[in-house]
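Number of protein chains: 2
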Amino acid sequence: MTGTSNTPAPVKVTIDAWESLFRAQVAVMRKVSAKPEFHKLSMREYDVLFNLRICPGGRSRLVDLNRYLLISQPSLSRMVTRLEDKGLITREADPTDQRAMQLSLTPKGLAVQQEIGREHVKHIYEQIGTALSEDEFIQLQQLTSKLRSAIQ
Amino acid sequence: MTGTSNTPAPVKVTIDAWESLFRAQVAVMRKVSAKPEFHKLSMREYDVLFNLRICPGGRSRLVDLNRYLLISQPSLSRMVTRLEDKGLITREADPTDQRAMQLSLTPKGLAVQQEIGREHVKHIYEQIGTALSEDEFIQLQQLTSKLRSAIQ
DNA sequence: TGTTGTTACATGCATACGCATATAAATTGG
DNA sequence: CCAATTTATATGCGTATGCATGTAACAACA
Numbered sequence: 634m635t636g637t638s639n640t641p642a643p644v645k646v647t648i649d650a651w652e653s654l655f656r657a658q659v660a661v662m663r664k665v666s667a668k669p670e671f672h673k674l675s676m677r678e679y680d681v682l683f684n685l686r687i688c689p690g691g692r693s694r695l696v697d698l699n700r701y702l703l704i705s706q707p708s709l710s711r712m713v714t715r716l717e718d719k720g721l722i723t724r725e726a727d728p729t730d731q732r733a734m735q736l737s738l739t740p741k742g743l744a745v746q747q748e749i750g751r752e753h754v755k756h757i758y759e760q761i762g763t764a765l766s767e768d769e770f771i772q773l774q775q776l777t778s779k780l781r782s783a784i785q
Numbered sequence: 634m635t636g637t638s639n640t641p642a643p644v645k646v647t648i649d650a651w652e653s654l655f656r657a658q659v660a661v662m663r664k665v666s667a668k669p670e671f672h673k674l675s676m677r678e679y680d681v682l683f684n685l686r687i688c689p690g691g692r693s694r695l696v697d698l699n700r701y702l703l704i705s706q707p708s709l710s711r712m713v714t715r716l717e718d719k720g721l722i723t724r725e726a727d728p729t730d731q732r733a734m735q736l737s738l739t740p741k742g743l744a745v746q747q748e749i750g751r752e753h754v755k756h757i758y759e760q761i762g763t764a765l766s767e768d769e770f771i772q773l774q775q776l777t778s779k780l781r782s783a784i785q
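What follows is the structure, encoded as structure tokens:
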């Protein structure tokens, strides 16, 4: 049982862990961003398709989707226009809120996400699959999940 | 002793850990990127100052610095011009290689990095300081260090 | 030593980005 | 039920970005 911390961890230990996590992420992404699956779609665009796919019901409002992304709301708005023009997602009015747009993947968008996703998974696995043992990956998953769920 | 894995971890366990790490990073960065310390300098620009500060000797060639960043070489080249114009870094010819530019922080650049860094550390700590126990942060640091060192 | 290839950095160009703001719909408070 | 506020998305505008390519210096090798 990984008990919730009662006394907060010291600043140094916390920041060292954060910087290490951040640098690991950069190192992996640097490698993977050069792979051919990101020639048709940028990583940011793929991330939008990915998040749309895993969101409950496969639909999301623009603002809700934006919460899982680092780009600004206006940038996402225009990216959605581009992805719509490419036939990958649809943008339809939300019946319960006339301001909102419900975004969802088209069949083509789902296919593209899955195709890129397969390649991406392959390349991530090539990069880090032997870096840690199975138990260590499970630990890493648990620690980062716990970290994430503590945000806000 | 955290033994180096002899048999690679299964794909699912590896990818689950990676996605969890990635999402945790996004969640933290989303919160922190809105903080006022990034009004004077963007996060990407701060990251350049940070990496210049911690690199051995406080000097680095542009290409070497670029290895620790997600932006492209041309983008870094222009960002360096802007940071030079702001008086934060210097760009001088490498005596051992006429093609290369040695980058280093000016005293002002160091001061700006440290000032932003202090605020940044404070806000990261506010976001995640109580998310994990001290032991868990140490584990997280060790796992992500190991992950990073395995890239390549 | 000259040719061929590679490496380091810079630049032209089209595009994506963020910030500020506009618009329009929902919510809140009197 | 109307005015003020908040929320959801879009757009104008200046700037940063990536890709392709240019230039110049180094390296390798005949």
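Residue numbers (the numbering used here), protein chains in the order written: chain A, 634 to 785; chain B, 634 to 785.
Ideal placement from N, C-alpha and C gives every residue a C-beta, glycine not left out.
On a Cα-Cα basis, can you pick out the residue from L702(A), Q785(A), L780(A) that is closest to E678(A)? L702(A)
Hey, is the region 638 to 653 of chain B in contact with the region 744 to 758 of chain A, meaning 3+ C-beta pairs nearer than 8 Å? The region 638 to 653 of chain B and the region 744 to 758 of chain A touch, with no fewer than 3 CB-CB distances between them shorter than 8 Å.
Report the start-end ranges of each alpha helix (DSSP H) in the region 742 to 783 of chain A that is 4 residues or longer and not cut off at the edges. 767 to 782
Using a C-beta cutoff of 7 Å, does E767(B) count as contacting chain A? Yes, because at least one Cβ of chain A sits closer than 7 Å to the Cβ of E767(B).
Could you give the DSSP three-state label for K785(A): helix, strand or coil? Going by the sequence as given, residue 785(A) is Gln instead of Lys. Here Q785(A) sits in coil by DSSP.
Name, please, each residue of chain A whose Cβ falls closer than 7 Å to the Cβ of F655(B). Result: Q658.
Neighbourhood of K741(A) by C-beta, 8 Å cutoff - its chain only, sequence neighbours within 5 removed: These residues qualify, in order along the chain: G720, L721.
Is there a Cβ from chain A that is less than 7 Å from the Cβ of Y758(B)? Taking Cβ atoms only, chain A reaches closer than 7 Å to Y758(B), which makes this a yes.
Which residues of the region 660 to 687 of chain A have a Cβ closer than 8 Å to any Cβ of chain B? Give them in chain order. A660, V661, M662, R663, K664, S666
Rounded to whole angstroms, what is the Cα-Cα separation between I784(B) and D727(A)? 44 Å
Reducing DSSP to helix, strand and coil, say where L654(B) ends up. helix
Give the straight-line distance between the Cα atoms of S708(B) and R692(B), rounded to the nearest whole angstrom. 19 Å
Are L773(A) and A650(B) touching if we call contact CB-CB under 7 Å? yes
Which value, in whole angstroms, describes the spacing of the CA atoms of T635(B) and E725(B)? For T635(B), the predicted structure reports a pLDDT of 45, less than 50, and the residue's modelled location is therefore unreliable. A value from the coordinates is still provided. Within the model, the alpha-carbon separation for T635(B) versus E725(B) is close to 44 Å.
Which of the three DSSP states, helix, strand or coil, is assigned to L702(B)? coil
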